[in-house]
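One structure is given here, and the rest of the page talks about it.
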Amino acid sequence: MPEYKINGVSTYDTRFKLPPGAGTDSIHATSEYCLAVTLLSTQNGPQGSGFVLTLGEGNQLVCKAIELLAEPLVGMSIESLMSDFGRFSRKIADHPALRWLGPHKGVVQLALASITNACFDLWAKSRGVPLWKLLLDLTPEELVRVLDLSYVEDILSEQKAVSMLRDKISTRAERAGILHTGYPGYDTSVGWMDYDDSKVRELTRMALDQGFSAFKLKVGSSDESRDLRRAAMLRSLVGDASTIMFDANQRWGLRDALRICRELVAYHPYWIEEPTHPDDIQAHVELSRAIHPVKIAAGEHIPNRVLFKNFLQAGALSFIQVDCTRVAGVSEFLTVSFLARIFDIPVVPHVGDMGQIHQHLVLFNHIGLGHEAALLEHIPHLRNHFLHPAQVSDGVYQTPQEPGASTDLKAKGA
-6 MPEYKINGVS
4 TYDTRFKLPP
14 GAGTDSIHAT
24 SEYCLAVTLL
34 STQNGPQGSG
44 FVLTLGEGNQ
54 LVCKAIELLA
64 EPLVGMSIES
74 LMSDFGRFSR
84 KIADHPALRW
94 LGPHKGVVQL
104 ALASITNACF
114 DLWAKSRGVP
124 LWKLLLDLTP
134 EELVRVLDLS
144 YVEDILSEQK
154 AVSMLRDKIS
164 TRAERAGILH
174 TGYPGYDTSV
184 GWMDYDDSKV
194 RELTRMALDQ
204 GFSAFKLKVG
214 SSDESRDLRR
224 AAMLRSLVGD
234 ASTIMFDANQ
244 RWGLRDALRI
254 CRELVAYHPY
264 WIEEPTHPDD
274 IQAHVELSRA
284 IHPVKIAAGE
294 HIPNRVLFKN
304 FLQAGALSFI
314 QVDCTRVAGV
324 SEFLTVSFLA
334 RIFDIPVVPH
344 VGDMGQIHQH
354 LVLFNHIGLG
364 HEAALLEHIP
374 HLRNHFLHPA
384 QVSDGVYQTP
394 QEPGASTDLK
404 AKGA
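What follows is the structure, given as structure tokens:
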């Protein structure tokens, strides 16, 4: 196969205004999605593209951190880089000065994610395959070498990870049918916080007509009665056979979360998402016990594998919403997926990438690791800006076929 060498790294800050009310929740009130993009160029070869999501000011800080962290990539061949990417990613994550700004969280972690996602995109393009196929075609040993398992070796050693992959090889064919049937999605865009009731009703009916059977509503407003009224409304609109979820986006302290979650349980949600501060593991444990059998989900603001390990060890979550644009990219997403598999907890990603990369990763998780095919969030607001937008029909993600990680944006003005 061609030995493409990275001969340049660039980054840019791109911002997209959303329709009024779209993207709003109990904490984040701006209708703007911003991407900090990494581009990896090769001579006479493909270009790698990766990004992370922000919500406005600060996106430029991530771009600057990308410039600083990505310098060692120039001159490396993509095959050589990815043959031991776990070691390399740990090296740049442990930058002797920039690590102080984290470690493994915040601006520097987002920058590392953008870089990592670009590396995986370039690797898949250089082999002429979509990312999901690249990951499934790797040997267990090759796959494990892209992971940084530092600080989680007490649960997940290299030998354990290789064994987990080998154990599932003989049954892959039983799960590969999903490549033809597609991966089930859920609509998260029917219930943004700033949408009025009539807008929620309109969008929910449209989503039902489009084949969706799972829907998410934002809660955590300053008016608790509004949340309860809208929860009842959504349940009535979709019926008892459909799945609904409630997302508080970290709004409540523990006492409020306990009280309000107990009231929301009456509407039989599949999960209640981010009910309190994302670092408060013990609060999630207490909430999980208090509202059982309704489940707690979180992960879009959990920034690294170590914290996910702690949440899993504590039994704090029933759904892991790891996001490859929050943790250190595709590599750390996969590490968290291994950890979740050990604890038999489903991975239901938050899609800061609008589902573009995660549509590949959930296919690997299901076929390669034996994760259940749970649900994949669908947020359509940026689809017109992607060269190959995720295709969702009848509420199901169709398997992407183009080489790469589906991260290429259209040229400006296109």
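Going by the numbering used here, the sequence shown opens with residue -6, and the numbers climb by one from there. Yeah, the Cβ is synthetic: ideal placement off N, Cα and C, and Gly gets one too.
Mind checking residue 61: buried by the 16 CB within 10 Å criterion, or exposed?
exposed
Sufficient close CB pairs (3 or more, under 8 Å) joining the region 346 to 358 to the region 378 to 385
yes
Segment limits, beta strand (DSSP E) that includes residue 291:
288 to 291
Taking 8 Å as the threshold (C-beta atoms), are residue 368 and residue 26 in contact?
no
Own chain partners of residue 159 with C-beta closer than 8 Å, once the 5 adjacent residues on each side are dropped:
133
DSSP on residue 141, reduced to helix/strand/coil?
coil
If I measure Cβ to Cβ from residue 137 and keep anything under 6 Å in the same chain, skipping five residues before and after, which residues do I get?
151, 154 and 155
Considering only residues of the same chain and omitting the five flanking positions on each side of residue 36, which have a CB-CB separation below 6 Å?
0
Residue nearest to residue 225 in terms of C-alpha spacing, selected from 260, 366 and 95
260
For the alpha helix (DSSP H) containing residue 302, list its first residue and its last residue.
298 to 307
Buried or exposed, going by whether 16 or more other CB atoms sit within 10 Å of the CB of residue 372?
buried
By how many angstroms is the C-alpha of residue 249 removed from the C-alpha of residue 20?
16 Å
Classify residue 10: buried if its beta carbon has 16 or more other beta carbons within 10 angstroms, exposed otherwise.
exposed
Compute the Euclidean distance between the alpha carbons of residue 360 and residue 332, then round it to the nearest angstrom.
16 Å
On the three-state DSSP scale, how would you describe residue 98?
coil
Can you find the residues in the same chain that come closer than 6 Å, C-beta to C-beta, to residue 161, ignoring five residues on each side of it along the sequence?
363
Where residue 162 sits in the DSSP three-state scheme
helix
Runs of beta strand (DSSP E) lying entirely within the region 326 to 398, each at least 3 residues, in chain order:
369 to 371
Could you tell me which of 265, 194 and 385 sits nearest to residue 237, measuring between CA atoms?
265
I'd like the list of long-range same chain contacts for residue 145, defined as Cβ closer than 6 Å, with 5 residues on each side in sequence excluded.
298 and 302
Inter-stretch contact (C-beta, 8 Å, three-pair minimum) for the region 382 to 397 and the region 208 to 215:
no
Any beta strand (DSSP E) of 3 or more consecutive residues that is wholly inside the region 20 to 51:
25 to 35 and 41 to 47
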